[in-house]
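Right, one structure below, let's go through it.
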Amino acid sequence: MTQIQFSAPTSVDDAVRQLTDGGSAAKILAGGTDLLVQLRAGYARPTTIVDIKRIPELRQIKAENGGFRVGAAVAGAELSEHAEVKNSWPGVVEGLDLIGSTQIQGRASLGGNLCNASPAADSVPAMIAAAATCTIAGPGGQREANVEDIVTAPGQTSLGEGEFIVSFFLPARPPHSGDAYLRFIPRTEMDIAVVGAGVSLSLDDGGKCVAARLALGAVAPRPLLVEDGAKALIGTMVDDAALAKLSAAASAACNPIDDKRGTIEYRTKVAGVLARRAAEIALTRARAN
Amino acid sequence: MGKEEQFDTATQSVEASGYKVVGTRPIRPDGIEKVTGRANFGADCNLPGMLVGRIIRSPHAHARIVSINTDKALALAGVKAVVTSADFPEIGPKARGAGEAPVSFRDMSRNIMARDKALYDGHAVAAVAATTAAIADQAAALIEVEYEVLPHVLDAREAMKPDAPLLHDDLFTKGLDPKPETPSNVSQRFEFGIGDTAAGFAAADVIVEHDFTTQCVHQGYIETHACVANTTEDGMSTVWASSQGQFMVRNYSATVCGMDITKVRVMPAEIGGGFGGKTTVYLEPVAIMLSKKAGKPVKIVMNREDVFRATGPTSGGHAHAKIGAKKDGTITAGELTMEYEAGAFPGSPVQFGCMTGYAPYDIENVKAVGFDVVVNRPKVAAYRAPGAPVAAFAVESALDELAKKLGMDPIALREKNAATEGTQAAYGPKFQRIGYLETLQAAKNHPHYSAPLGPNQGRGVASGFWFNIGGESSAAMHVNEDGTVEVVTANPDIGGSRASMGIMAAEVLGIDVSQVKPLIADTASSAYSMLTGGSRVTFAVGKAVCEAADDVVVQLRERAAKVWDVDIEAVEWKDGAAINTKSDSGESLSLKAIANTAGKTGGPISGKANINATGAGPGFGTHICDIEVDPETGRSSVVRYTAIQDVGTAIHPSYVEGQLQGGAVQGIGWALNEEYIYDDKGCLQNGGFLDYRVPVASDLPMIDTVLVEVPNPGHRFGVRGVGEVPIIPPLAAVANAVAAAADVRMTDLPISPPKLLAAIDGAK
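So the sequence lines, in the order shown, correspond to chains A and D. For any residue, its number in this note's numbering is found by taking its place in the first sequence, counting from 1, and adding 947. For any residue, its number in this note's numbering is found by taking its place in the second sequence, counting from 1, and adding 2.
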């Protein structure tokens, strides 16, 4: 029978060492909401599991340079109760909050949701739209990366052997900014996104859009940053014409598959609808602050 | 109508009825055990030395089994037994069951363990028992099965084509004249009808005609199948199992294993949902055989994927409905042709679809034709009103279109044609007192029906009919020394039946319901009783309970007569006490007093009743559904739902309301999102609750219920079966609401968002 080496280090350096020792068959455990399911189903057969929840940096939320640093293993329920983060980045918090049930929210984390590398991960489009970055620890020390550069394909990331995400940085918000994340599921909860859309935008004092980012989930092998979406909004008053352009850009960026959760045609259409609706919510939020 | 109002209505009806206990809402006897997690379900039984059993299943939709090599598995340390079909007796085609509904034991045996061919993805081909779960998993992977993969077919109409892959080379269609000379996938053709539909259509001013398709759906019970079997050296096998009938498990398991019925004793576990899906066996014979070979108890528990791949579901299929009517709304003719997918062996419920589709209506000319078609899917099992929901989806959707064409209100159209007492049903009988019209009137007068609708919202109405059955039933009743009473029946409590049995016993005995303890006995401790199904238990077993209570009352009067030294005729039973009518002072003896002194008056007091209950009253329901459609995503949300049903008399109204709500929710799931999804190789893609989408609580509003009480003359309290009717109307109620909200007629279930969006965009 297979033996599993389990450890729960309390420092980043120890975790890196243990992960490196474990080699390619090592798995990182944060909340475990994906890993435990994969273990039980026999999809994952690691020989080493390193639990990173006991490392203090991974569980902290703190203000930094006008923005926030959020530990990679902070649970969804903890982030949802953080009034300041929620006020600055409601879309990011909503994205994470959509994952699973109340019980799952006590465990599920931004780091786990990103590194599980599902194209349909709910918190990832919102983080990409937010221009979030992450701090990665590894055998070669620490490095920074954009969230959109982590997932490379379903189940695969750009992280090297022994590397893991320590924290995310959500940048400072200029005035008149807002973000939003919407997903489409046939049910109301306990489901996986058929399409997800995150939008973040900032307006000038006159209401003109000066910055925008659009990200989509579940419409390609990996979460997408849609540059044409941003172009559709920047420099406009985010009027109907601009929103229609955004919607068209979202649909045009899609490269989905036909599967049990949705067809290519459907995902492409709904991506445009959700991008527009998310932008409308982000706009309302931006105008309100 | 809100919950509290309903409660008042029910309370008032109790007062009006003169009943003291019937119609009240005591806490269910099994409630505390269940909410505290102490109740024992199928997987909760553990015995010393128990082994873990695993089933090895076919990864192919259709394949010849060339060979099975179990050597490597048997050589693994900790493996105690392996079985394949070679370990089970070969059962001939003529073997039929006694006691239960007719089943083919040959097919059952071959479904439990594939013999020459695997007929669906998930079909069991071998099983192993080992000392631990990990070893059993390892052993399962070591069993080598060589398959020759064959072409497969999943759809009924495809399977009916002459060049379709053939599942059974010995299957010749029954019900055809002349008898076919070549085998096919059509096991039987059914036809029911009255009058002359051609003449009826000729007399019609308006005709509607639509073709409908539905997908295979699963019962979705939370508890997966589970059992423990302990076969001992004396050839006896004791089985602990969660099922809808311990006698069914005994009979089926013994027959499949080639044992006498007396050699099998079945202990009923609590059941975590069945909905018809636990009216057959999958694991028990395998556990018995593994246990026999290993000489130790064996437990087998299915995982969720096993449940989806190899148990349940009910048929998907096709239906074609054609209805003609006069300008005033009088329906002149109705036709229905249906093809149902039976799964790998014959036995879809298509005949029940043919019988029920037009049953709510008084129509002179009706013709319903059904085809039972085998396909490479799991063999269907009963599911709540088997066959009726798909037929009602077709007929009630077509009626909605008819109402639109006639410019009539959909309830008014149904009222004009409603079956009433004396109506000749097309499937055979003349109805006695029924309450269909009363449900329509209650629907029309319900505030829901006239409530304003918001943007993108639409309202749909649909009705449904179900036979309800009686059948062989037993009850025993023991009066304890302290005056409490045990009520022993032998039907698993799947919908609050302990509570109903207790209430009826208390009503007849005239004592408080807290003094009555309902129990469920194993097969060696009770007379035979048919399984829990067909909405029969509260009616039929309830009848036995009432008669057992009558038996007890006679004995209590006898004892009192002995004490008073009077003739038994002089002793009346009233409010839980014997009254001496010869005494001027109104001398009386309570049940408790008689029980306390039973030893001095003749010994223990117990009653029984063993009956074959007749007089089941058919049930009718009418549902109102409001749906809001998102025109940009095709998503449908149920915003309001009211289920109205003639329930005869509600013995425990809370559990009757629960049946209406549960049935409605399952029907809504069937209509909107539930379906079996297969890949191009015929393998199931969504064998789990993530992608097989039953509604979750937040998807739905509170389902309002209205209990219409038209007592069934065939039961002393007026009980009608209530459990099955409520799943029949929702499919069409939802589709009719979607039609009103989005102006598209959806004839293909489920009305999933991609399908509805395509229809909306296509209609633009």
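Positions of the beta carbon are idealized from the N, C-alpha and C atoms, including for glycine.
Do we get a CB-CB distance below 7 Å when we pair A1068/A with the residues of chain D? As a first step, residue 1068/A is located in the first sequence; it is residue number 121 there, counting from the start. Closer than 7 Å: no.
Residue from M704/D, L78/D, T234/D and E676/D whose Cα sits closest to the Cα of D628/D: Taking the second sequence and counting its residues from 1, the one referred to as residue 628/D is at position 626. The candidate whose alpha carbon is nearest that of D628/D is M704/D.
With a cut-off of 7 Å, does the C-beta of P993/A fall near any C-beta of chain D? In the first sequence, counting from the first residue as 1, residue 993/A sits at position 46. Not closer than 7 Å to any Cβ of chain D, the Cβ of P993/A fails to qualify, so no.
Those residues which DSSP pairs with T233/D across a bridge: Here the question's residue 233/D lines up with position 231 in the second sequence. Answer is S239/D, bridged to T233/D.
Backbone CA spacing between S60/D and S537/D [nearest angstrom]: Working through the second sequence from its first residue, we reach residue 60/D at position 58. Working through the second sequence from its first residue, we reach residue 537/D at position 535. Taking the straight line joining both Cα atoms gives about 35 Å.
Of the choices V727/D, L758/D, L759/D and T749/D, whose alpha-carbon is the least far from that of F277/D? Start at 1 with the first residue of the second sequence, and residue 277/D comes out as number 275. Measuring from the Cα of F277/D, the nearest candidate turns out to be V727/D.
Cβ of V959/A less than 7 Å from any chain D Cβ? In the first sequence, counting from the first residue as 1, residue 959/A sits at position 12. Cβ-Cβ to chain D under 7 Å: no for V959/A.
When the distance is taken between beta carbons, is A132/D closer than 7 Å to V84/D? On the second sequence, position 82 is the one that residue 84/D refers to. On the second sequence, position 130 is the one that residue 132/D refers to. No.
Neighbourhood of G466/D by C-beta, 6 Å cutoff - its chain only, sequence neighbours within 5 removed: Translated into the one-based positions of the second sequence, residue 466/D becomes position 464. Residues A394, G623, V727, I730 and P731 of the same chain have their beta carbon placed closer than 6 Å to that of G466/D, with the five preceding and five following residues left out of the count.
Are any of the Cβ atoms in chain D nearer than 7 Å to that of K1192/A? For this step, residue 1192/A is matched to residue 245 along the first sequence. Not closer than 7 Å to any Cβ of chain D, the Cβ of K1192/A fails to qualify, so no.
Do E509/D and V127/D come within 7 Å of each other at the CB atom, strictly closer than that value? Position 125 of the second sequence, counted from the start, is the residue given in the question as residue 127/D. Position 507 of the second sequence, counted from the start, is the residue given in the question as residue 509/D. In this structure, E509/D does not lie closer than 7 Å to V127/D by Cβ.
Tell me where the alpha helix (DSSP H) around D1126/A begins and ends. Here residue 1126/A refers to the residue found at position 179 of the first sequence. Where D1126/A is concerned, there is no enclosing alpha helix (DSSP H), although the beta strand (DSSP E) it sits in stretches over S1124 to F1131.
Proximity of H320/D and T175/D at Cβ, strictly below 7 Å: Along the second sequence, read from residue 1 onward, the residue named residue 320/D stands at position 318. Along the second sequence, read from residue 1 onward, the residue named residue 175/D stands at position 173. Contact: no.
Can you tell me which of A1092/A, T1099/A and G1042/A puts its alpha carbon nearest to the alpha carbon of M1074/A? Looking up residue 1074/A in the first sequence gives position 127. Comparing Cα positions, the closest option is G1042/A.
C-alpha distance - R40/D paired with G512/D, whole-angstrom precision: Mapped onto the second sequence, residue 40/D falls at position 38. Mapped onto the second sequence, residue 512/D falls at position 510. Cα to Cα, the separation comes out at about 31 Å.
May I ask you to report which of helix, strand or coil DSSP gives E1004/A? Position 57 of the first sequence, counted from the start, is the residue given in the question as residue 1004/A. Three-state DSSP puts E1004/A in a helix.
Distance cutoff 7 Å, beta carbons only. Does Y990/A sit that close to anything in chain D? The sequence position of residue 990/A within the first sequence is 43, counting from 1. Chain D contact via Cβ: absent.
With S452/D as the anchor, note down where its alpha helix (DSSP H) starts and where it stops. Reading the second sequence from its first residue, position 450 is the one you call residue 452/D. Start and end: P449 to S452.
Delimiting residues of the beta strand (DSSP E) encompassing L1163/A: Here the question's residue 1163/A lines up with position 216 in the first sequence. Residues C1156 to G1164.
Mind pulling the alpha helix (DSSP H) runs of 4 or more residues that sit fully within the region 95 to 180 of chain D? 107 to 114, 135 to 144 and 158 to 161
Tell me the rounded alpha-carbon separation between P287/D and Q353/D. The residue labelled residue 287/D in the question sits at position 285 within the second sequence. The residue labelled residue 353/D in the question sits at position 351 within the second sequence. Taking the straight line from one Cα to the other gives about 29 Å.
Backbone secondary structure at A611/D - three-state DSSP: In the second sequence, the residue the question calls residue 611/D occupies position 609. Correct three-state label for A611/D: strand.
Take the Cβ of Q190/D as the centre, count every other Cβ of all protein chains shown within 10 Å, and call the residue buried at 16 or more, exposed below. Your numbering for residue 190/D matches position 188 in the second sequence. Buried, by the Cβ-count rule.
Please go through the same chain and pick out, in chain order, the residues whose beta-carbon is closer than 7 Å to the beta-carbon of A296/D, but skip the five residues on each side of it. Reading the second sequence from its first residue, position 294 is the one you call residue 296/D. Excluding residues within five positions, the ones whose Cβ falls inside 7 Å are L53, K82, A83 and A131.
My understanding is that G340/D touches G314/D, with C-beta atoms under 8 Å, so please give their C-beta distance in whole angstroms. The residue given as residue 340/D occupies position 338 in the second sequence. The residue given as residue 314/D occupies position 312 in the second sequence. Checking the sequence, you will find Met at residue 340/D rather than Gly. For a cut-off of 8 Å, the C-beta gap from M340/D to G314/D is around 20 Å, too long to register as a contact.
Residue ranges of each alpha helix (DSSP H) run of no fewer than 4 residues wholly in the region 683 to 726 of chain D, ordered along the chain? Uninterrupted alpha helix (DSSP H) stretches at least 4 residues long and entirely within the region 683 to 726 of chain D do not occur.
Less than 7 Å between CB atoms is the rule here; does Y1128/A satisfy it with respect to chain D? Here residue 1128/A refers to the residue found at position 181 of the first sequence. Answer no: the Cβ-Cβ gap between Y1128/A and chain D never drops below 7 Å.
Just the C-alpha distance for L292/D and S87/D, rounded to the nearest angstrom, thanks. In the second sequence, counting from the first residue as 1, residue 292/D sits at position 290. In the second sequence, counting from the first residue as 1, residue 87/D sits at position 85. Answer to the nearest angstrom: the Cα atoms are 12 Å apart.
C-alpha distance - E634/D paired with A765/D, whole-angstrom precision: By 1-based counting over the second sequence, the position of residue 634/D is 632. By 1-based counting over the second sequence, the position of residue 765/D is 763. Their Cα atoms are separated by approximately 13 Å.
Measuring alpha carbon to alpha carbon, tell me which residue in A1127/A, L1172/A and L1129/A is nearest N1093/A. On the first sequence, residue 1093/A is found 146 positions in, with the first residue counted as 1. Ranking the options by Cα distance to N1093/A, first place goes to L1172/A.
Alpha helix (DSSP H) segment containing S1035/A, residue limits: Here residue 1035/A refers to the residue found at position 88 of the first sequence. A1030 to S1035 is the span of the alpha helix (DSSP H), which, as asked, contains S1035/A.
If you drop the 5 nearest sequence neighbours on each side, which residues of the same chain put their C-beta closer than 8 Å to that of Q1103/A? Residue numbering aside, residue 1103/A sits at position 156 when the first sequence is read from its first letter. The answer, listed in chain order, is A1064.
Can you find a CB in chain A that lies within less than 7 Å of the CB of S638/D? Reading the second sequence from its first residue, position 636 is the one you call residue 638/D. Taking Cβ atoms only, chain A never reaches closer than 7 Å to S638/D, which makes this a no.
Determine the contact status of S1114/A and A1019/A, defining contact as a CB-CB distance below 7 Å. The residue given as residue 1114/A occupies position 167 in the first sequence. The residue given as residue 1019/A occupies position 72 in the first sequence. Contact: yes.
Inter-residue spacing [alpha-carbon to alpha-carbon] between A1196/A and R1214/A: Locating residue 1196/A in the first sequence gives position 249, counting from the first residue. Locating residue 1214/A in the first sequence gives position 267, counting from the first residue. A1196/A and R1214/A: Cα-Cα distance of roughly 14 Å.
Check whether chain A comes within 7 Å of D198/D, counting only Cβ atoms and requiring the distance to be less than that. On the second sequence, residue 198/D is found 196 positions in, with the first residue counted as 1. Not an interface residue.
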